[in-house]
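Asks: If you scroll down you'll find the structure; I have some questions about it.
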Amino acid sequence: MTAHATAAPPAPAFWRDPGQWADRAAAVGLVVLVVIFQIANPTFLSAGNIRSMLVASAILVVLSIGQAFVVATGGIDLSVASTMTFAAVLFGFGFSRGWGVLACCLLALVGGGLVGLACGVLVGRGRITDFVVTLGALSAASGAALVIADGKPVTVIDAGLLALSAGGIGPIGWSVVIAAVLAVGAHVLLFRTRLGTHVLAVGGNPEAATATGISVARIKTVVYTLSGVLAGIAAILLVSRVGAAEPASNTSFLLNSVAAVVLGGVSLAGGRGTITGPVLGALLLTALANGLTLLGVSPFYQPLAVGIVVVAAAFLTRWRR
Amino acid sequence: MSLMKVEGVSLAFGSVQALRDVTLDIAAGEITALVGDNGAGKSTLVRCMAGVHRPDSGRILFDGSPVEFRSAEGARAAGIETVHQNLALVEDLTVWQNLFLNRELVRGPFLDRKAMRARAGEMVAELAVNVPAVTARVRRLSGGQRQAVAICRAAGFDSRLVIMDEPTAALGVQETARVETLIRTLRDDGRAVLLISHDFAQVLRLSDQVWVMRGGRCVGGMRTKDTTGDEIVSLVTGTKGST
Chain A
436 MTAHATAAPP APAFWRDPGQ WADRAAAVGL VVLVVIFQIA NPTFLSAGNI
486 RSMLVASAIL VVLSIGQAFV VATGGIDLSV ASTMTFAAVL FGFGFSRGWG
536 VLACCLLALV GGGLVGLACG VLVGRGRITD FVVTLGALSA ASGAALVIAD
586 GKPVTVIDAG LLALSAGGIG PIGWSVVIAA VLAVGAHVLL FRTRLGTHVL
636 AVGGNPEAAT ATGISVARIK TVVYTLSGVL AGIAAILLVS RVGAAEPASN
686 TSFLLNSVAA VVLGGVSLAG GRGTITGPVL GALLLTALAN GLTLLGVSPF
736 YQPLAVGIVV VAAAFLTRWR R
Chain B
586 MSLMKVEGVS LAFGSVQALR DVTLDIAAGE ITALVGDNGA GKSTLVRCMA
636 GVHRPDSGRI LFDGSPVEFR SAEGARAAGI ETVHQNLALV EDLTVWQNLF
686 LNRELVRGPF LDRKAMRARA GEMVAELAVN VPAVTARVRR LSGGQRQAVA
736 ICRAAGFDSR LVIMDEPTAA LGVQETARVE TLIRTLRDDG RAVLLISHDF
786 AQVLRLSDQV WVMRGGRCVG GMRTKDTTGD EIVSLVTGTK GST
C-alpha cells in the first residue's frame, strides 16, 4: 500500500495512535472484557458458555447490521425492535391459522420489509427527519403488533423451528450460522458493490452524492427496507428461541442495536462505518451481560454497565481522524 | 471553432428575471472566462449549460446541434462536466472512490476495485496532479489537492467542456498556481474550459476569451489579449457603455 506518501504525516506507532484505538473500540473492549471475566470466573471461556453467548448474540447481530446501514447514511432506525416484534406477531398470526412455517417466515420477512420500506419512503421522498419517522414507526409497529395479537402471545411449536434454535453445524447453532452469513453478505454489500459505495457517499456528503447523480431518496429507501427485512429475520430467530410470538416491546434490542453500532465505530453523522465493528459491538454487549450474570451481579446493573461502556466508546471517537 | 453556443437565452424565477437574452459562445481548445458581479447571472447561465435549469426562451447549441438537457446527467453524458464551488467530494471516501463515484467499474455485481485504482492512478498521472496517493482518504488532502481531484474527475471520462466555478477562491498562492497549471493542461489536451472567476488578474493570465455579465445580460465579450483589467472592471460595474 502506498497510502502514506508525500503530503500525509507519518502514521504514529499503532499503540500510541488514539485514532486506531477509536476505530477498534469494539474489538479492544471485547478483548478486555473477555480477559477480565475469564480471570474472575474460569468457566467464562468454556465451550458451553461461548456457545450460549454466540446464540444469545445472534438476534442482536442481525438487528445491528441493519442499523449499521441506516446509520452509515446518516440516519437512525429507532423502529428496529418494534418492527421485529411486529414481524414476530405476524409469524404467530399465520401459525395460529395453520399456515406452514415457511409461509409464516415469509410473512414475517415481508411484514418487516414493508415497515422498513414505509420508513424509507417517508424519509427519502417525504423528506421527514429520520428520527421522527422511525420514532413514529416504533410506536405504530408495536401498536399494530398488539392489535394483531390482541395482546396475547401465540405459542409456536414446530420441529423445524426447534431445530433452528437447538440444532446447528457441529457445535455452532443455526441462528449463529445465519447471523454470520448475513454479516459476511452485508460486508460484501457495503464494500464491494456500487450500492455500498453510494450508501457511504450519501452519508458522507449528500450534496456531493446528488451532484454525481446518486439519488439520496433511493439509497435511504433501500437501507430502511434492508433494516426492516433484517428485523423480519431477527423476528424468526426470536420466535424460534422463545417458542412463542409475543407482542412484547423488546426495547432493549433497540438500545443495544444503536449501542453496538456506536461501539463498532460507525459515525452517527454518517459516511463512515464497517460491518465487523457493529458485529463485534453486539458480541461485546452480549459478553458483558453474560459475564455479569456469571459473576452473580444483579441484572439491574446490566443497563448501567451498557450505558457506561457505550459512552466510553463514544468518548474514544473524539480522536478519530 | 465553436463548441457551445448560447443564443438569446432568457430565464425567470418567478418575478426575478435572472437571464435576459444572453448570447455568447465557447470555443473548443480555449479557456473562456465568465466574469460579473454577484447576482449578475453567471451561476444561472452555467446551470443552464449543465442541464440543471432549462431556459424559458432561446437555445443552446453544443457541437453544432441544439441540445435540451433534462438533467445534469444528460449534460454529463454529452460531455459537459462541472466542478462545483463546494467541490462535491465525499471526504470519508478515498481519492479513487471519489473519481469513480456513481461511475464505478464493475465486474458482474461487484466493484472492480483493482481496475478503478489503476485507472485513477493513470488519471492523476496524466494531469500531473499532486495527490499523495489514490488510496488516501480525501479528508487528509489539502484544499488545493481536493480541487485537483475534483478537476481530475471532471476531466476524466472524455469530457469536452469543463465548467469551473471559482476554482481557486479558497486556495493559497502556491495551490492557486498549481490549479492554474492544471487548467492550462486541460486546454492543451483539447478540452474547452469555462472559468468563472472574480480574480481579474487570473482571468487575464489564463483565458483566451472573456465574457462579461451584468444584471442578467451579457454586456460584452472580447479576446483577452485585446483587453485590460480596467476595461473588464468598467464593464462589470457598468461605468463603460453597454449594449
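Listed in order, the protein sequences are those of chains A and B.
Take the position in the first sequence, starting the count at 1, then add 435; the result is the number in the numbering used here.
Take the position in the second sequence, starting the count at 1, then add 585; the result is the number in the numbering used here.
All C-beta atoms, glycine included, are put in the ideal place defined by N, C-alpha and C.
From a predicted model like this one, the values you see are computed outputs, not experimental measurements.
I'd like the span of the alpha helix (DSSP H) that includes Lys699(B), first residue to last.
Replies: Start and end: Arg698 to Glu711.
Asks: Start and end of the alpha helix (DSSP H) containing Ala597(B)?
Replies: Run containing Ala597(B): none in the alpha helix (DSSP H); it sits in the beta strand (DSSP E), Ser587 to Phe598.
Asks: Between the alpha carbons of Ser827(B) and Met586(B), how many angstroms are there, rounded?
Replies: Bear in mind that the predicted position of Ser827(B) carries a pLDDT of just 48, short of 50, making it unreliable; the figure below should be weighed with that in mind. The alpha-carbon atoms of Ser827(B) and Met586(B) are separated by roughly 26 Å.
Asks: Within the chosen definition, does the segment 635–653 of chain B reach the segment 799–815 of chain B through at least 3 CB pairs nearer than 8 Å?
Replies: These segments do not touch.
Asks: Determine, for Val714(B), whether the minimum Cβ-Cβ distance to residues of chain A falls below 8 Å.
Replies: Chain A, which has no Cβ nearer than 8 Å to the Cβ of Val714(B), makes this no.
Asks: Pick out whichever of Leu597(A), Pro606(A), Thr645(A) and Leu661(A) has its Cα sitting closest to the Cα of Leu625(A).
Replies: Cα-wise, what sits closest to Leu625(A) is Leu661(A).
Asks: At the 8 Å Cβ level, is Gly706(A) part of the contact set with chain B, yes or no?
Replies: True, the Cβ-Cβ gap to chain B drops below 8 Å.
Asks: Can you give me, in chain order, the residues of the segment 669–683 of chain B that have a beta carbon less than 7 Å from any beta carbon in chain A?
Replies: Taking 7 Å as the Cβ-Cβ cut-off against chain A, the residues of the segment 669–683 of chain B that qualify are His669, Asn671, Ala673, Leu674, Val675, Glu676, Asp677, Leu678 and Gln682.
Asks: On the CB-based measure, 16 or more other CB atoms within 10 Å of its CB, does Ser577(A) come out buried or exposed?
Replies: Classification of Ser577(A): buried, given that the 10 Å Cβ count is 16 or more.
Asks: Which residue wins for smallest C-alpha separation from Phe647(B), given the options Leu686(B), Glu592(B) and Leu678(B)?
Replies: Per the Cα distances, Glu592(B).
Asks: Check whether the Cβ atoms of Thr770(B) and Ala713(B) sit closer than 8 Å, and answer yes or no.
Replies: Cβ atoms of Thr770(B) and Ala713(B): closer than 8 Å.
Asks: Excluding the 5 residues preceding and the 5 following Arg605(B) in the sequence, name in chain order all residues of the same chain whose CB lies nearer than 7 Å to its CB.
Replies: Result list for Arg605(B): Ser595, Gly801 and Arg802, in chain order.
Asks: In chain A, what lies closer than 8 Å to Ala660(B) by C-beta?
Replies: Correct list: empty, because the minimum Cβ distance to chain A is about 11 Å.
Asks: Since Val545(A) and Ala572(A) should fall inside the 8 Å C-beta cutoff, what is the C-beta to C-beta distance between them, to a whole number of angstroms?
Replies: The pair is not a contact, with the Cβ atoms about 16 Å apart (cut-off 8 Å).
Asks: How big is the Cα-Cα spacing for Phe750(A) and Val466(A)?
Replies: So the alpha carbons of these two residues sit roughly 18 Å apart.
Asks: Is there at least one Cβ from chain B nearer than 8 Å to Leu635(A)'s Cβ?
Replies: So, interface residue.
Asks: If you measure from the beta carbon of Val601(B) to each beta carbon in chain A, is any gap under 8 Å?
Replies: No, no contact with chain A.
Asks: Excluding the 5 residues flanking Phe504(A) on each side, which residues of the same chain have their C-beta closer than 6 Å to its C-beta?
Replies: Correct list, in chain order: Val658 and Leu661.
Asks: Would you say Gly559(A) reaches chain B, if we count a Cβ-Cβ gap shorter than 8 Å as a contact?
Replies: By this cut-off, Gly559(A) is not an interface position.
Asks: Beta-carbon of Ala829(B) versus every beta-carbon of chain A: anything under 8 Å?
Replies: Nothing in the structure corresponds to residue 829(B), since chain B is present only between 586 and 828.
Asks: Output needed for Thr569(A): all residues of its chain with C-beta closer than 6 Å, excluding positions within five of it in sequence on either side, in chain order.
Replies: Same-chain partners within the cutoff: Asp512, Leu513, Ser514 and Cys554.
Asks: Just checking: is the beta-carbon of Gly712(A) within a distance shorter than 8 Å of some beta-carbon in chain B?
Replies: For Gly712(A), the answer is no, since every Cβ of chain B falls outside 8 Å of its Cβ.
Asks: Taking the CB atoms as reference points, tell me whether Ser610(A) and Ala493(A) lie closer together than 8 Å.
Replies: Yes, they are a contact pair.
Asks: Does Val652(B) have its Cβ less than 8 Å from a Cβ in chain A?
Replies: It does not; no Cβ of chain A falls within 8 Å.
Asks: Mapping DSSP to helix, strand and coil, what is Pro588(A)?
Replies: Reduced to three states, the DSSP call for Pro588(A) is coil.
Asks: Counting only beta-carbon atoms, is Pro752(B) nearer than 8 Å to chain A?
Replies: Not one chain A Cβ lies under 8 Å of Pro752(B).
Asks: Between which two residues does the alpha helix (DSSP H) containing Leu779(B) stretch?
Replies: Not the alpha helix (DSSP H): Leu779(B) falls in the beta strand (DSSP E), residues Ala777 to Ile781.
Asks: Got a sec, what are the start and stop residues for the alpha helix (DSSP H) Leu498(A) sits in?
Replies: Note, Leu498(A): alpha helix (DSSP H), Ala482 to Ala507.
Asks: Rounded to a whole number of angstroms, what is the C-alpha to C-alpha distance between Ala614(A) and Ile668(A)?
Replies: Distance between the alpha carbons of Ala614(A) and Ile668(A): 9 Å.
Asks: Using a Cβ-Cβ cut-off of 8 Å, state whether Thr647(A) counts as contacting chain B.
Replies: Yes - at least one Cβ of chain B is within 8 Å of the one on Thr647(A).
Asks: Excluding the 5 residues preceding and the 5 following Leu715(A) in the sequence, name in chain order all residues of the same chain whose CB lies nearer than 7 Å to its CB.
Replies: Here the set comprises Ala461, Ala462, Leu465 and Gly699.
Asks: Take the Cβ of Lys655(A) as the centre, count every other Cβ of all protein chains shown within 10 Å, and call the residue buried at 16 or more, exposed below.
Replies: It counts as buried.
Asks: Considering only residues of the same chain and omitting the five flanking positions on each side of Gln730(B), which have a CB-CB separation below 6 Å?
Replies: Hits under 6 Å: Val716.
Asks: Find the nearest neighbour of Val623(A) within the set Gln670(B), Phe695(B) and Ser628(B), judged by alpha-carbon distance.
Replies: If we check each option's Cα against that of Val623(A), Phe695(B) comes out closest.
Asks: Here's the rule: buried if 16 or more other CB atoms are within 10 angstroms of the residue's CB, otherwise exposed. What is Gly561(A)?
Replies: Exposed.
Asks: Taking the straight line between their C-alpha atoms, what separation do you get for Arg707(A) and Gly742(A)?
Replies: Using only the alpha carbons, I get a separation of about 23 Å.
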